[in-house]
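In the numbering used here, the protein residues as written are 1 to 367. To keep things clear, I will list the structure first and then write my remarks on it.
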Amino acid sequence: MKIDGTPFRTIWRDAAGVVQVIDQRWLPHELRIVPLHSRNDFAVAIRDMWVRGAPLIGATAAWGVAMQMADDPSDASLAETWDVLHETRPTAINLRWALDEMRRVLAPLPPAERAAAAAKRAAEICDEDVEINRQIGLHGLEIIRQIAARKPGQPVNILTHCNAGWLATVDWGTATSPIYHAHEAGIPVHVFVDETRPRNQGAQLTAWELNSHGIPHSLIVDNAGGHLMQHGEVDMVIVGTDRTTARGDVCNKIGTYLKALAARANGVPFYVALPSPTIDFRVKDGVREIPIEERNGAEVTLVQGRAADGTIQSVQISPDGTTARNPAFDVTPAELVTGLLTERGLCPATEAGMEAMFGDLKRAMLG
Ligand code: MRU
Numbered sequence: 001m002k003i004d005g006t007p008f009r010t011i012w013r014d015a016a017g018v019v020q021v022i023d024q025r026w027l028p029h030e031l032r033i034v035p036l037h038s039r040n041d042f043a044v045a046i047r048d049m050w051v052r053g054a055p056l057i058g059a060t061a062a063w064g065v066a067m068q069m070a071d072d073p074s075d076a077s078l079a080e081t082w083d084v085l086h087e088t089r090p091t092a093i094n095l096r097w098a099l100d101e102m103r104r105v106l107a108p109l110p111p112a113e114r115a116a117a118a119a120k121r122a123a124e125i126c127d128e129d130v131e132i133n134r135q136i137g138l139h140g141l142e143i144i145r146q147i148a149a150r151k152p153g154q155p156v157n158i159l160t161h162c163n164a165g166w167l168a169t170v171d172w173g174t175a176t177s178p179i180y181h182a183h184e185a186g187i188p189v190h191v192f193v194d195e196t197r198p199r200n201q202g203a204q205l206t207a208w209e210l211n212s213h214g215i216p217h218s219l220i221v222d223n224a225g226g227h228l229m230q231h232g233e234v235d236m237v238i239v240g241t242d243r244t245t246a247r248g249d250v251c252n253k254i255g256t257y258l259k260a261l262a263a264r265a266n267g268v269p270f271y272v273a274l275p276s277p278t279i280d281f282r283v284k285d286g287v288r289e290i291p292i293e294e295r296n297g298a299e300v301t302l303v304q305g306r307a308a309d310g311t312i313q314s315v316q317i318s319p320d321g322t323t324a325r326n327p328a329f330d331v332t333p334a335e336l337v338t339g340l341l342t343e344r345g346l347c348p349a350t351e352a353g354m355e356a357m358f359g360d361l362k363r364a365m366l367g
């Protein structure tokens, strides 16, 4: 997508062969682009959320493997890199998907051939992500078009949670891709952006993206969604996913489950944008089987923002001594999901639906 008219991806290799990423910790106040060199750089960037969002975590890990192969293409280095990068964040399955994919391609090759093959596959993974998200957008566009046809002249109101926008992917975003496509098609859309405490990915990232693209939006506190749905102000919800199970349970940013409950109670369709590398066929019952990342309580007790003097600061919002729990994700059971918007089309959030649409990937994953 474009920043001030210039097309950007979230991760790319520059002309000198160095991987560059947007360091998302400073948005929306500063656009900082940083190089990643060593395996440790890549691990820190993922763990400390310079980059975040399931597809981008996977793409970054793929480039981390590629850069490490240029330094040391040995078997030991490949195995150690898989471990080092895999332990950075536990919930988004795209991380493991990308590491497995790199290992599948590289392990059979002689070490001397690995660096070139790894760079090629990492670049392909990025390009594939862009195309997957574009396809998700085109399928989602049709759903938005149907809703728009029922309310001529009025905007389609879409609620989204966290940032499942282009910053969470290589480009387009997952949940936002249908929105960008609808906007480009001339369909009036308006987005309710959940601020998404504790890290405020909605307030800081999704709002920045939509603002940059001139898409009408309103930032809301996380607790406002139910009220807006009760009053008929939300036509549909579209969220992303960090891991979707074989039966269609969806793990996404903490708070997604509450939005799904409110949507069901108010008859609002609840869609999940799902790229296929986010499916984990090894797990079925998301609530019991998906590891939920527990992050530092300081993310809850502190809030980051821009002060009047222009500096970016963290302020404490709770009493000294108050401790916090900070589960970063929750699971929305499949029965609350209206449909999974995938690159292959709209998939029912059921085991049979997943099997019918992605049986080939299931067999490839489970052997
Ligand atoms: O903790 P984050 O910011 O990495 O969490 C991101 C999300 O929960 C996104 O909704 C999810 O990764 C889908 S991104 C297309």
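C-beta atoms are modelled at their ideal positions from N, C-alpha and C, and glycine is treated no differently.
For residue i, which residues in the same chain have their Cβ closer than 7 angstroms to its Cβ, ignoring the five residues on either side in sequence?
i    : result
E117 : For the sequence presented, residue 117 should be read as Ala rather than Glu. Excluding positions up to five away in sequence, the list reads V105, L106 and L109.
V84  : R39 and A43
L138 : H181
A148 : V156 and I187
W97  : G58 and P277
A66  : A118, A119 and A122
R103 : L78 and W82
I179 : I158, V189, V191 and I215
E343 : I132, Q135, I136, P275 and S276
Looking only at its chain, what residues have a beta carbon closer than 6 angstroms to the beta carbon of residue i, apart from the 5 residues adjacent to it on each side?
i    : result
T350 : G248
P188 : P155
P216 : H190
A193 : It is worth fixing the name first, because residue 193 is Val in this sequence and not Ala. G202, T206, A207, H217 and L219, listed in sequence order.
R295 : N326 and A328
G353 : C347
C126 : A59 and V170
Q204 : L27 and P28
E159 : One detail in the question is off: residue 159 reads as Leu in this sequence, not Glu. Once the five neighbours on either side are set aside, the close Cβ partners of L159 are F192, G225, V234 and V237.
Using DSSP's beta-bridge definition, name the partner residues of residue i.
i    : result
V250 : T244 and T332
Y257 : For Y257, which the question treats as bridged, DSSP gives no partner whatsoever.
R151 : Strictly speaking, residue 151 in this sequence is Lys, with Arg absent from that position. Note: K151 sits in no beta bridge, so no partner.
G339 : Y271
I312 : R306
R32  : D23
C347 : L340
K2   : P7
E294 : P327
F192 : L159 and S218
W12  : Q20
V239 : V272
D280 : T245
Report, in whole angstroms, the separation of the C-beta atoms of residue i and residue j, which I expect to be a contact under 8 angstroms.
i    : j    : result
T256 : T332 : 6 angstroms
V237 : K253 : Actually they are not in contact, since the Cβ atoms of V237 and K253 sit about 13 angstroms apart, beyond 8 angstroms.
L341 : I136 : 5 angstroms
D129 : V170 : 4 angstroms
T176 : E124 : About 23 angstroms separates the two Cβ atoms, so there is no contact after all.
I132 : P275 : 5 angstroms
G305 : Q313 : 7 angstroms
L56  : I3   : Not confirmed; about 16 angstroms, so no contact.
A185 : G240 : Contact flag wrong, Cβ pair sits at about 21 angstroms.
Beta carbon of residue i: closer than 6 angstroms to some heavy atom of the ligand MN?
i   : result
R52 : Annotation note on the ligand MN: not contained in the displayed structure, which lists the ligand MRU as its ligands.
For residue i, I'd like the list of residues in its chain whose CB is within less than 8 angstroms of its CB, leaving aside the five on either flank, ordered along the chain.
i    : result
I33  : Q20, V21, I22 and D23
G345 : H139 and M357
S318 : V300, T301 and A324
E335 : A349
R199 : M49 and E299
V337 : G248, V250, A260, F270, Y271, V272 and A349
A112 : P73
L361 : S276, I279 and F281
> So, do the stretch 44 to 59 and the stretch 23 to 30 have three or more beta carbon pairs nearer to each other than 8 angstroms?
Replying inline: With a cut-off of 8 angstroms, the stretch 23 to 30 and the stretch 44 to 59 count as touching, because enough Cβ pairs lie within range.
> Okay, do the stretch 10 to 21 and the stretch 146 to 163 touch, 3+ Cβ pairs below 8 angstroms being the bar?
Replying inline: Short answer: they don't touch.
> Do three or more CB pairs link the stretch 82 to 100 to the stretch 134 to 149 at distances below 8 angstroms?
Replying inline: Below 8 angstroms, too few C-beta pairs join the stretch 82 to 100 and the stretch 134 to 149 to call them touching: fewer than three.
> Taking one C-beta from the stretch 271 to 289 and one from the stretch 235 to 249 each time, how about it: are there three or more such pairs within less than 8 angstroms?
Replying inline: Enough Cβ pairs lie closer than 8 angstroms, so yes.
>> Check whether the stretch 111 to 127 and the stretch 65 to 73 touch, using three or more Cβ-Cβ pairs below 8 angstroms as the test.
In response: They touch, by the three-pair rule.
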